[in-house]
Each structure stands twice: as structure tokens, then as C-alpha cells.
Amino acid sequence: MKKRLISVFVMLLLPLLVVARQRVIVDTDIDSDVDDAGTLAMLYTLHKQHKINLLGTIVTSDDPFAVTCVSAFNAYYGMGDLPLGFLEGQSFLKNHSRYTRQISEEFPHDLPSWKDAETATNTYRKLLAGSPNHSVVILTIGHLSSLQRLLQSPADQYSHLNGKQLVEAKVKRWYCMGGLFPEGKEANFSRPDPGSTVFCLANWTKEVVFCGWEIGERIITGDLALKAELNPENPMYRAYELYNDFKGRASWDQVTAFLLADEASHYLELDNAGSCLLEADGSNRWIPGKKGNQFIVRFRPEANVKELAGKITDLMLGKNIPDYSYLPWVGKSVDFSHGPLVVSENKRFLVHADGTPFFYMGDTAWELFHRLTEEEIDWYLENRREKGFNVIQAVILAELDGLNTPDRNGNRPLVNNDPAQPDEAYFNWVDRIINKAAAKGLYMGLLPTWGDKVDKQWGIGPVIFNERNIAGYGRFLANRYKDYPNIIWIIGGDRNGGDANMPVWNVLANAIKSIDKNHLMTFHPYGRHTSSQWFHNADWLDFNSSQTGHANCSFDIFENLIVRDYDKLPVKPCINMEPCYEDHPVRGDICTSTTWFDDTNTRQALYWSLFSGAAGHTYGCHPIWQCMSPVYEPTGNVLNNWYDDLDLPGAGNMIHARRLFEKYDFFSRRPAPEIILTKQLVIGDMAVAVQGKGYAFVYLPNGNPVDVCLETLSEAITLILQWYNPRTGQYTLIGEVPAKGFYRAKPVSSGVGNDWILVMNSK
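Counted from 1, the sequence shown has number 110 at position 76 by the working numbering; the numbering is strictly sequential.
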């Protein structure tokens, strides 16, 4: 947990240069020069630092090995799934680079040849169409032939918009390495295709920032200082070695990419009092005049150019990458063609109808329908898709005055708060958002109502439901959504399921289930409780949900809820649907006060739940569940707006759990406390274990050593031991040991925030 000082401050930043988590498409002509190679390494670093979201790479080159060279770079840097497009329509290709062919042949990659690459136009259009409006930065570090083809492209399967319309809708800014200012002739503008430069500038209406030849010429990188720290097995090392053996090179492309870094404003400034005049041969001149959408980069008067070269080199070397980095999920989060969700044959897990495992990885956005605009929802859903979430939990009749405060379209869900009169405009909006989620392979964990509309123990209310009228509302929802592919029903809403509430919840659940036979259903209880306390034997409850809540940092609550649910009969899957939220204040915590939960706590809750037998998990973040923004008053102590917390480390950590559990035999997994031989006394540092067919995992919350039994995998003769870092998803090989006796599991680091998973595989 982190101690946070809540303060308000104002920082004056250079306009345009500092943007939170910019979505970037890079367009490179990697072949004749080597600064492109250094720039790719910089972008990988910025991506892993969570400064940018690198969406894909366009290769604008007539070198057939250029695109396979980039594929090798992507693979080496752990981004082999990054979309990659190659300039199409070229009648003649030639290899004229000092390094692209060698790197393509010496380093592994997934692209057999340039002929197998997707076209640049298709890649551009697909990436733009899937992005929120006005969100994408295009970075060009070469000539502009691919960008011209994008602007000239017609509507297609990716978007009904033509190229110019798509750019107008989706692009925020273009950073262009090109031109010589105040006037001159530079290669990217003038060769091999000056016509593309003229066309692009004539048809570009969004912001464009030119970083001219005169800027990068003064910044020398790629010298012996880079060689001294660079791994010789790195393709960037090979590129600089082959190009000029680390004799140094101007950094035209790198300094343009540096505009994406937070520190850019310390060295560079922008001038938009004028415009760029182009001649037919690509020569250019800056014409001072009125401020417009065109900018040129200048050095700040006090800029230390040598220091800037050092900053660029650090990015090329991958320095200062936090250890909670992750590789984005590629493609849809879930493939609905596997059929609807059902309970597994052994009753422990969720699966698709064809038997494909489903690892429930939820995120909490209770106020999604109520408080966000369509553009914001697009942004949020894409962010969660790329982080590997596959369920978004949201409330139709929202908690925070969801009946009387209109949504961002001005609609309320019910006419006169009458459950028998749903507002069609509002529910059309809900339909639209559910379909958006489906397009990204995301389930919607739908709560028909928040609990305060049934029982106003706390909250705003008003109470509008009872046993007599709630069935009609349930049937309305069931008829409307029974054929959607991506629904999971969640009854309740942070409430007691017993006493006078029980018959109301039962009526609602049974009304939905009487019509909708296609979707699973559970119940969301109030804090430190589980659905099994009231509804375990109810026919409508397909799996149990618990709320370990926001008031504890120890394992005992997981024992009381998850472990007991796992042991109940009849067997049903169980999921922790509301653990401690990141950036949520700790309530009555036994450890300390005036603290907020952080990524350490959200990871502990994740793995304590899963290793106790949960079939999945839900993550939450305090500003995000309430969709906090300057438009609204905060609920509870809120540190940030929702969009400021989208990329907190805890959210990025969730994908590592999904990838770990989906990699191993899914249906044989069970809690295995017998693996841990060390007597444990500290409930806030409880090591836990699971095992399955041919494997076992041991989670160490603070990296403190424990003795583990090596004989639990009875069929094994030899075990392969690895450390799995739950902050990065990286494996480190320990070695092979006989499957006898015990092993002292001692990670490479320990202390708060240094959690580790010991992975044991039978050989």
C-alpha cells in the first residue's frame, strides 16, 4: 500500500509535447540509414514505460528485407504480435541496406518474406478504425508514400469512411521527420517520392509537427557509448555494427520520436506562427505568418544537446522500464465462436459450449453506461481489451443517482422511475455499448440494478423494486438480451441477499432465467460476504461471487470466503468479484491508516483468490468504477480522474495471471496447501499453492523463502523449476531437480512489492 499526499498543483507544459499514453503508429523507411533502428528501440521502451501505446508499424520502403527486419526487431523486443504493414504496389524491389538482410537472416521472426506482410494501407486503416476518435499519433520517419495511400484509400471492411475522413476522425496529431528549416531540401521530403509529400501536406487538416534535418543533425548517438552498454545479441547492435561500426550517427528519427517523451519540453519547443511551403521537387520553406495547424521544432535556448543525446541513448537502451510492463493482448479478448459459457464438467470452472476454457478476467466499471460518452467508452474498452480483460462489469440502473441524473446523452433509464416504462433511448444506448464490447471480444457482466433500488441501507436510491414489480423488469431485460453473445448476468449490487431482500432477488433472477437460457448468472454481495450465504442451492445461481472488499490486507478473509466457497457442496465455481481496488482508501486496515491500496495489494488479492480455488477474478480501481471526472463529485477519497488511472500497474498485471493459467492444463487445477512445508504465522504474507496435471505453482506475496515439497507431482521423476514474475510475466529458469524431498524456494528479491511465483513442471 502506498501513502499518498492529496494536493492540487498546476504545471505549465509545452503544448502538444506531453500527452498521457499516446496511441502511436510509426511509419518507417528502415533501409538506407540506421537511425530508424534506434528509433524502434526507443518506441519499445516508451511503450513498456507506459508513455505510449504502440499500435503498429508501417514499413515504407522498396527494400524487400526491410519489413522482415522490423519483424525481427519486434520479436526480439517481445512485441512479435505487433501489427506490421508493408508499402504495397511496388513494381521493383531491391536490397540497398547495409543491415536489413543480415538481421532478417540472423534473427528469428514470424514473417517468412515481404510477400506475407499485410499491406500498409490495410494496417493503417485497421488500426485507425479500432481506435477512439482523435486519439492516434502518426509518427513518420521516412518518405510519405504509405501515408499518401492511406489518405487516398476508399471505404472498406474496416471503416465506412474513406482515408481522409478516417484520418480526420481518428488522428490527433502527426509528428513528421522531414524538411529543412527555415528552408532547404531534405531526403524524406524530396526522394524517392516528392509527390507524396506534396499530396500529404495539401490534404492534411489535423495538427502536424515537423522535426527538421537541422534538429537531428546536432544530436549524435549510436557511438561507442551505445556499444558499451548494448547486448551484442540485440539486432540494434548488429544494425549499428554493420552500418558504421558505432562511429556515431545523427539522430534525425530519434529526436522526432523523443517528442513523445515526457522530457521533450526540457529541450525542445514548438513554433506554429507560420506554415510550410513545398515545391514540386520536395524542397521546402517556412513562411512566417498566422498561427495554424502546422508546427516546427526548435531547440530551447538553454537546451543541452549532449544531455539530450544521453536521454535518447537511454531510451534506445531500454533504461528505466518499470517491472510491471506487459505486452498487449492481440485481437479479440474472447472468440465467441466457441459458443456460450457454461459450467465445466467438474463444476469448478467456466467453459465455452465446445469445451474451450474461459478464464474470467473482469474489470469494474459500474458507472459505464451512466457517466461516460461514446468516445470515452471506446477508449476505455480498447484499453481493457489490450490488457487482457474479458469481462466488463457495469450496472444498467447505476448506483450514483442513476435513476434521476441523466446519462451523457441526456437520457434517464425509466420514465417517471417506473420499472414498467423503460426509456427506449436509454436502452438503445445500452445495446450500443454491449455491441461495442462484443466487437472487442468482451463479455458484459450486467447488473440489472444497483442494490439501493431494492434496499436503501446506504446510497442514493430511491427504492423502486419489490416482489410484485421486479419480475416484469427482469422479463424485459431477458427478452432484450437473450440472444446477445456476450452477457453474464449479475444479480444484486453490493447488498445483503437475505432477510426481506431475498424474495426480491429470487424473483428477478428467476424472471430472467425463465426466458434467457443462454447466459450464466451470479449474485454480487456486499463487503466480506459471498453469494453462497443465501443462494448457493438456488437453481439460477451458476457460480458463486464474493466481495473480499476494501478493509483488509491479510489472507484470512480469503479463507473465510473463497476457500469455503470452494469446499461447499454441491460444487460450484467461485469468483472474487470485488477485491480491494487500486487507488482505493483502506478502510479499517489492520496494517496502517491513511493509505491507499496499490498494485501490490491488487496482485495479492488476485493470486490469493486464484490459488484458493477461484475460477477467475475481477480487478477494480477506485476512480474507474465511478468513472470519475471533473463533471462529477467524487464518491469517497478519490485521487485521480478515471482516465488518469487507466494504466496503473495493477491493471497491467492482470494479463500475466490470465496468460499463466491459460498456458497450463486448465481443468486439473486445484488448491494444494500441502506443497508448502514451512509453517506460516503472518497472515499478511501467506504463501499459497496450486497444482494441476504436470505442474504446480507457489505464490510468495513478499518473496520470503519457503520450503516446498517436490513430491506432490506423483508422476514426475524430474522437475523443471522457474520463477514467474507476476509484475512482468517473465520466466527465469532455475534448473532441473529430482522430484524428491523438498526445495528451498528463495526468490531473487524480497520485501513488499516483490511477489514471485515458483513454477514447477514435470519433465
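We put the CB at the ideal spot given by N, CA and C, even for glycine. Here the structure is a predicted model, which means the values were calculated and not measured.
**Prompt:** Ordered along the chain, which non-local residues of its own chain (more than five positions away) have a Cβ less than 7 Å from that of Thr511?
**Reply:** Working through the sequence shown from its first residue, we reach residue 511 at position 477. Reading off the sequence, residue 511 comes out as Leu, not Thr. Counting only residues of its own chain and dropping the five nearest sequence neighbours on each side, Leu511 has a CB closer than 7 Å to the CB of Pro482 and Ile546.
**Request:** Answer with buried or exposed for Tyr765, where buried requires no fewer than 16 other C-beta atoms within 10 angstroms of its C-beta.
**Result:** On the sequence shown, position 731 is the one that residue 765 refers to. Exposed.
**Request:** Keeping to the same chain, check which residues put their C-beta closer than 8 Å to that of Ile522; ignore five residues upstream and five downstream.
**Result:** The residue labelled residue 522 in the question sits at position 488 within the sequence shown. These residues qualify, in order along the chain: Leu375, Val425, Tyr477, Met478, Gly479, Leu480, His553, Leu554, Met555 and Thr556.
**Item:** Pairwise C-alpha distance: Val732 and Ile791
**Value:** Translated into positions along the sequence shown, residue 791 becomes position 757. Translated into positions along the sequence shown, residue 732 becomes position 698. Cα to Cα, the separation comes out at about 5 Å.
**Prompt:** What is the rounded straight-line gap between the Cα of Asn788 and the Cα of Arg529?
**Reply:** The residue labelled residue 788 in the question sits at position 754 within the sequence shown. The residue labelled residue 529 in the question sits at position 495 within the sequence shown. About 35 Å.
**Asked** Would you call the segment 185–192 and the segment 216–228 touching, i.e. three or more CB-CB distances under 8 Å?
**Response** no
**Prompt:** Is Arg778 buried or exposed, if buried means 16 or more other CB atoms sit within 10 Å of its CB?
**Reply:** Against the sequence shown, residue 778 aligns to sequence position 744. Label assigned to Arg778: exposed.
**Request:** Could you have a look at Thr483 and say whether DSSP puts it in helix, strand or coil?
**Result:** For the purposes of this step, residue 483 is taken as residue 449 along the sequence shown, with counting starting at 1. Judged by DSSP in its simplified three-state form, Thr483 adopts coil rather than helix or strand.
**Prompt:** For the 8 Å Cβ check, are there 3 or more pairs between the segment 406–416 and the segment 571–591?
**Reply:** no
**Request:** Tell me whether Asn87 is buried or exposed, calling it buried when 16 or more other Cβ atoms sit within 10 Å of its Cβ.
**Result:** The residue you call residue 87 lines up with position 53 of the sequence shown. Residue burial is scored here from C-beta neighbours: Asn87 has at least 16 other C-beta atoms within 10 angstroms and is therefore classed as buried.
**Item:** Thr94 in three-state terms, based on DSSP
**Value:** Start at 1 with the first residue of the sequence shown, and residue 94 comes out as number 60. DSSP places Thr94 in coil when its eight states are reduced to three.
**Message:** Taking the beta carbon of Ser222 as the centre, do at least 16 other beta carbons fall within 10 Å, making it buried, or is it exposed?
**Reply:** Counted from its first residue, the sequence shown places residue 222 at position 188. In the sequence on display, residue 222 carries Asn and not Ser. With 16 or more other Cβ atoms within 10 Å, it is buried.
**Prompt:** Any idea what DSSP makes of Arg692, helix, strand or coil?
**Reply:** On the sequence shown, position 658 is the one that residue 692 refers to. It is helical.
**Message:** Quick check on Asn451: does DSSP put it in helix, strand or coil?
**Reply:** As a working mapping, residue 451 is identified with position 417 in the sequence shown. Of the three classes helix, strand and coil, the one that applies to Asn451 here is helix, per DSSP.
**Asked** Hey, how far is the Cα of Ala387 from the Cα of Gly373?
**Response** For this step, residue 387 is matched to residue 353 along the sequence shown. For this step, residue 373 is matched to residue 339 along the sequence shown. For Ala387 and Gly373, the distance between alpha carbons rounds to 5 Å.
**Reference Gly256; option with closest CA among Cys245, Cys234, Trp286 and Val377** = Mapped onto the sequence shown, residue 256 falls at position 222. Ranking the options by Cα distance to Gly256, first place goes to Trp286.
**Request:** Verify the contact flag: Glu501, CB atom, against every heavy atom of the ligand COA, threshold strictly below 6 Å.
**Result:** Although the ligand COA was asked about, the structure shown includes no ligands whatsoever.
**Asked** What residue range is occupied by the uninterrupted beta strand (DSSP E) comprising Lys325?
**Response** By 1-based counting over the sequence shown, the position of residue 325 is 291. Counting along the chain, the beta strand (DSSP E) containing Lys325 begins and ends at Asn318 to Phe333.
**Asked** By DSSP, does Thr346 sit in helix, in strand, or in coil?
**Response** As a first step, residue 346 is located in the sequence shown; it is residue number 312 there, counting from the start. Checking the displayed sequence, the identity of residue 346 turns out to be Ile instead of Thr. Note: Ile346 maps to helix in three-state DSSP.
**Request:** Evaluate Glu745 with the Cβ neighbour count: other Cβ atoms within 10 Å of its Cβ, from every protein chain shown; 16 or more gives buried, anything less gives exposed.
**Result:** Locating residue 745 in the sequence shown gives position 711, counting from the first residue. Classification for Glu745: exposed.
**Prompt:** What is the C-beta distance between Ala773 and Leu755, in whole angstroms, given that I count them as a contact (C-beta under 8 Å)?
**Reply:** Residue 773 sits at position 739 when you count from the first residue of the sequence shown. Residue 755 sits at position 721 when you count from the first residue of the sequence shown. With a beta-carbon spacing of about 11 Å, Ala773 and Leu755 fall beyond the 8 Å limit used to define contacts.
**Asked** Would you call Ser230 buried or exposed, if buried means 16 or more other Cβ atoms sit within 10 Å of its Cβ?
**Response** Locating residue 230 in the sequence shown gives position 196, where the first residue counts as 1. Buried: at least 16 other Cβ atoms inside 10 Å.
**Alpha carbon of Gln660 to alpha carbon of Leu682, nearest angstrom** = On the sequence shown, residue 660 is found 626 positions in, with the first residue counted as 1. On the sequence shown, residue 682 is found 648 positions in, with the first residue counted as 1. One C-alpha to the other measures close to 16 Å.
**Whole-angstrom distance between Glu593 and Asp699, CA atom to CA atom** = Taking the sequence shown and counting its residues from 1, one reaches residue 699 at position 665. Taking the sequence shown and counting its residues from 1, one reaches residue 593 at position 559. Each residue's alpha carbon lies about 25 Å from the other.
**Request:** Would you list the one or two residues that DSSP bridges to Gln56?
**Result:** Your numbering for residue 56 matches position 22 in the sequence shown. According to DSSP, which records beta bridges pairwise, Gln56 is partnered with Ile86.
**Message:** Rounding to the nearest angstrom, what Cα-Cα distance links Val497 and Phe423 in this structure?
**Reply:** Sequence index remark: in the sequence shown, residue 497 carries index 463 (1-based). Sequence index remark: in the sequence shown, residue 423 carries index 389 (1-based). Those two C-alpha atoms are separated by around 33 Å.
**Message:** I'd like to confirm the pairing. Which residues does DSSP put opposite Asn759 in its beta bridges?
**Reply:** In the sequence shown, residue 759 corresponds to position 725, counting from 1. DSSP output for Asn759 lists Gln764 as bridge partner(s).
**Prompt:** Quick one: any contact between the segment 531–540 and the segment 561–568, if contact means 3 or more CB pairs under 8 Å?
**Reply:** yes
**Integer-rounded CB distance, given that His563 should sit under 8 Å from Ile524** = Against the sequence shown, residue 524 aligns to sequence position 490. Against the sequence shown, residue 563 aligns to sequence position 529. Not quite, the Cβ-Cβ distance comes to about 15 Å (not below 8 Å), so this is no contact.
**Request:** Mind checking which residues open and close the beta strand (DSSP E) that includes Ile791?
**Result:** Taking the first residue of the sequence shown as 1, we reach residue 791 at position 757. That run of the beta strand (DSSP E) goes Trp790 to Ser796.
**Message:** For Asp486 and Glu433, which I take to be in contact (beta-carbon distance under 8 Å), what is that distance rounded to the nearest angstrom?
**Reply:** What you label residue 486 is simply residue 452 of the sequence shown in a count that begins at 1. What you label residue 433 is simply residue 399 of the sequence shown in a count that begins at 1. Yes, they are in contact, since the Cβ atoms of Asp486 and Glu433 sit about 7 Å apart, within 8 Å.
**Message:** Is it buried or exposed, His168, if we count other Cβ atoms within 10 angstroms and call 16 or more buried?
**Reply:** Position 134 of the sequence shown, counted from the start, is the residue given in the question as residue 168. Counting Cβ neighbours within 10 Å, His168 comes out exposed, since fewer than 16 surround it.
**Asked** Which residue's Cα is closest to the Cα of Phe392: Met350, Arg692 and Arg225?
**Response** Taking the sequence shown and counting its residues from 1, one reaches residue 392 at position 358. When only C-alpha atoms are compared, the closest one is Arg692.
**Request:** With a floor of 4 residues, list each alpha helix (DSSP H) that falls wholly inside the segment 511–583, ordered by position along the chain.
**Result:** 535–549 and 566–569
**Message:** Quick check: Ser180 and Asp61, are their CB atoms within less than 7 Å of each other?
**Reply:** Start at 1 with the first residue of the sequence shown, and residue 180 comes out as number 146. Start at 1 with the first residue of the sequence shown, and residue 61 comes out as number 27. Yes, they are a contact pair.
**Selection from Asn675, Asn671 and Gly654 that minimises the alpha carbon distance to Pro664** = Your numbering for residue 664 matches position 630 in the sequence shown. When each option's Cα is compared against that of Pro664, the closest is Asn675.
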